[in-house]
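**Student:**
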Amino acid sequence: MADQTRNDQWPLEAFGAEKIWKIATGKGVTVAVIDTGVDAQHPDLRGNVLPGKDFIDGDSDASPEGDGHGTAMAGVIAAHGHGAKGADGVKGLAPDAKILPIRDSGTASDEPFSASIRYAVDHGASVINISQASGATKAGAAAVAYAVQKNVIVVASTGNNGTGPEYPANYPGAVAVGAVNNAGEIWEKSNYGPTTLLTAPGVGIVSTDTGSTGYQKGTGTSDSTAYVSAACALLREKFPDLTAGQIVNRLTKTAGLPDDAKGLKLPDEKYGYGYIQPLAALKQNIPAGPKNGPLTIPAADSSSTGKDDATTPPASSSSSDDSSGLSTTTILALAAGGILLVLVIGALAVRSKNRARRDSPPPGFTTHAQQQPYGNQAVPPNPYQQHPTPPTT
Numbered sequence: 001m002a003d004q005t006r007n008d009q010w011p012l013e014a015f016g017a018e019k020i021w022k023i024a025t026g027k028g029v030t031v032a033v034i035d036t037g038v039d040a041q042h043p044d045l046r047g048n049v050l051p052g053k054d055f056i057d058g059d060s061d062a063s064p065e066g067d068g069h070g071t072a073m074a075g076v077i078a079a080h081g082h083g084a085k086g087a088d089g090v091k092g093l094a095p096d097a098k099i100l101p102i103r104d105s106g107t108a109s110d111e112p113f114s115a116s117i118r119y120a121v122d123h124g125a126s127v128i129n130i131s132q133a134s135g136a137t138k139a140g141a142a143a144v145a146y147a148v149q150k151n152v153i154v155v156a157s158t159g160n161n162g163t164g165p166e167y168p169a170n171y172p173g174a175v176a177v178g179a180v181n182n183a184g185e186i187w188e189k190s191n192y193g194p195t196t197l198l199t200a201p202g203v204g205i206v207s208t209d210t211g212s213t214g215y216q217k218g219t220g221t222s223d224s225t226a227y228v229s230a231a232c233a234l235l236r237e238k239f240p241d242l243t244a245g246q247i248v249n250r251l252t253k254t255a256g257l258p259d260d261a262k263g264l265k266l267p268d269e270k271y272g273y274g275y276i277q278p279l280a281a282l283k284q285n286i287p288a289g290p291k292n293g294p295l296t297i298p299a300a301d302s303s304s305t306g307k308d309d310a311t312t313p314p315a316s317s318s319s320s321d322d323s324s325g326l327s328t329t330t331i332l333a334l335a336a337g338g339i340l341l342v343l344v345i346g347a348l349a350v351r352s353k354n355r356a357r358r359d360s361p362p363p364g365f366t367t368h369a370q371q372q373p374y375g376n377q378a379v380p381p382n383p384y385q386q387h388p389t390p391p392t393t
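See below:
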């Protein structure tokens, strides 16, 4: 019988995880987690965390220094639980996947960040989870383009401000992920925009924390991004011959929508194609489709070395200033007028609070201290798991 921590992982029941694990568990797939580092000694993660890279200290020890955000993302993806038959603690959606931990500076707009993506690609990751966001840079765009060129799926959070999408989710080639609650409804602070591709559970998410018995509960697009990364790991195991775009295509083709969102033109700015339904994505007979699937492919010159001026965003992407809502056309026009630099400097001053969201859950959810059980919280009937609603496009 599972403990309270496992019982509080509502997405597992919503996804039909026990049925999923009879088909795929993420075995043989490496997921890079670019974040605050991962506690490889947590009992629910031990054995699933590979040697990684610390781009802050410059060594191979990617252990966290106090901040458990990266450990939480790793748990959502690939924790295996502990105790008899792994029934206790946290279990990730892809419990046999391996985590490649990469510790960076915490902003998506500096050189270590772009170097982190390239490191992940060059060290065997076929999925990269980026639960952080910030301003746009040419180096960041080039790094995402490099991953796409190498057939690696880059999954990134849209942001937690309830405004426009941030980077790297807004870069061409990235899978931009928003958050929904256990009714499949969009979380009110989930960022949105035309690049949003998918949504996943992001409210009241239980996962691992730093410390030998640490757990936490939080809310944000960080968690939903980790669930999409885990789903990609399942699909990469099941369909090893599919391209990154074709894997994502299976998720968009089987995505679902709550009743009040059905009939929307897809992809919708908030829901994208809808919330992921991994079991359907694994089981349904879906043609492979084009190589790139629903992914927007970066411009040919985006796969450069990434050493361009770090304060100039790619022309093909919108500004990362969430309050602007500027289109690509508008940005190009502003650039012609010499205003672009000012916008970008403002954008680079904005730092995503994706990580902090896990410590600041909404009313009704509490952050649980280490070594203490989760309180019993009533979970309403969960309509998240529905019959698949294929995209209309």
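Note that the UniProt record's numbering gives residue 135 to position 135 of the sequence shown, counting from 1, and the numbers run on in steps of one.
For every residue, glycine included, the Cβ atom is placed at its ideal position computed from N, Cα and C.
1) In the DSSP assignment, the alpha helix (DSSP H) including Q41 goes from what residue to what residue?
2) Have a look at A115 and A147 and give me their C-alpha separation to the nearest angstrom.
3) With 16 as the cutoff for other CB atoms within 10 Å, does N285 come out buried or exposed?
4) On the DSSP bridge assignment, give the partners of T30 in chain order.
5) What is the residue span of the alpha helix (DSSP H) that V76 lies within?
6) Can you grab the Cα-Cα spacing for the pair D260 / I56, in whole Å?
7) With three or more C-beta pairs closer than 8 Å as the rule, is the stretch 82-93 touching the stretch 112-129?
8) Nearest to I20 by CA position, among G86, G75, P95, H42, is which residue?
9) Given 8 Å as the limit, is there contact between the stretch 233-242 and the stretch 9-25, that is, 3 or more CB pairs closer than that?
10) So T252 and H42 are in contact, right, with Cβ under 8 Å, and what is the actual spacing, rounded?
11) Can you have a look at A299 and say buried or exposed, based on whether 16 or more other CB atoms are within 10 angstroms of its CB?
12) Using a Cβ-Cβ cut-off of 7 Å (strictly less than) and excluding sequence neighbours within five positions of D61, which residues of its own chain qualify?
13) If N48 and H80 are in contact, beta carbons under 8 Å, what's the gap, nearest whole angstrom?
14) Could you name each continuous alpha helix (DSSP H) segment of 4 residues or more that falls completely within the stretch 257-284, going from the start of the chain to the end?
15) Compute the distance between the beta-carbons of D3 and T210, then report whether it is under 8 Å.
16) My guess is that I276 and A200 are in contact by the Cβ rule of under 8 Å, so how many angstroms apart are they, rounded?
17) For L12, which beta-bridge partners are listed by DSSP?
18) Measuring only the C-alpha atoms, how far is V228 from G86?
19) DSSP on K53, reduced to helix/strand/coil?
20) Apart from the five residues just before and just after T195, which ones in its own chain have a Cβ nearer than 7 Å to its Cβ?
21) Does DSSP put T243 in a helix, a strand or coil?
22) Grouping DSSP H, G and I as helix and E and B as strand, with all else coil, what is A176?
23) Exposed or buried, what is A84 when buried is set at 16 or more other beta-carbons lying within 10 Å of its beta-carbon?
24) Within 10 angstroms of its Cβ, does P278 collect 16 or more other Cβ (buried), or is it exposed?
25) On the DSSP bridge assignment, give the partners of G218 in chain order.
26) Mind checking E65: buried by the 16 CB within 10 Å criterion, or exposed?
27) If contacts are defined as beta-carbon pairs under 8 Å, then I102 and A78 qualify, I think. What distance do you get, rounded to the angstrom?
28) Take P255 as the anchor and find which of Q246, T225, A281 has the nearest alpha-carbon.
29) Can you list, in chain order, the residues of its chain whose CB lies under 8 Å from that of K27, leaving out five sequence neighbours each side?
30) What are the residues that DSSP puts in a beta bridge with A156?
31) If we ignore side chains and look at the alpha-carbon of each, how far apart do G52 and H123 end up?
**Tutor:** Result, derived from the coordinates:
1) Q41 -> no alpha helix (DSSP H), and no H or E assigned at all.
2) 11 Å
3) Exposed, since its Cβ has fewer than 16 Cβ neighbours within 10 Å.
4) Residue pairing from DSSP places T30 in a beta bridge opposite K98.
5) V76 -> alpha helix (DSSP H) spans 69-78.
6) 45 Å
7) no
8) Out of G86, G75, P95, H42, P95 has the C-alpha closest to the C-alpha of I20.
9) With a cut-off of 8 Å, the stretch 9-25 and the stretch 233-242 count as touching, because enough Cβ pairs lie within range.
10) No, T252 and H42 are not in contact; Cβ-Cβ is about 33 Å, not under 8 Å.
11) exposed
12) D54
13) Rounded, the Cβ-Cβ distance is 6 Å, consistent with contact.
14) 278-283
15) no
16) Indeed, because the Cβ distance is near 5 Å, the residues count as touching under 8 Å.
17) In the DSSP output, where bridge partners are listed per residue, L12 has none listed.
18) V228 and G86 have their C-alpha atoms some 23 Å from each other.
19) Here K53 sits in strand by DSSP.
20) P165, A169, N170, A176
21) coil
22) strand
23) When all chains shown are included, A84 counts as exposed.
24) buried
25) I205
26) exposed
27) Their Cβ separation, rounded to whole angstroms, is 15 Å, which puts I102 and A78 out of contact at 8 Å.
28) According to the sequence displayed, residue 255 carries Ala and not Pro. If we check each option's Cα against that of A255, A281 comes out closest.
29) D96, A97, E237
30) I130, A176
31) 9 Å
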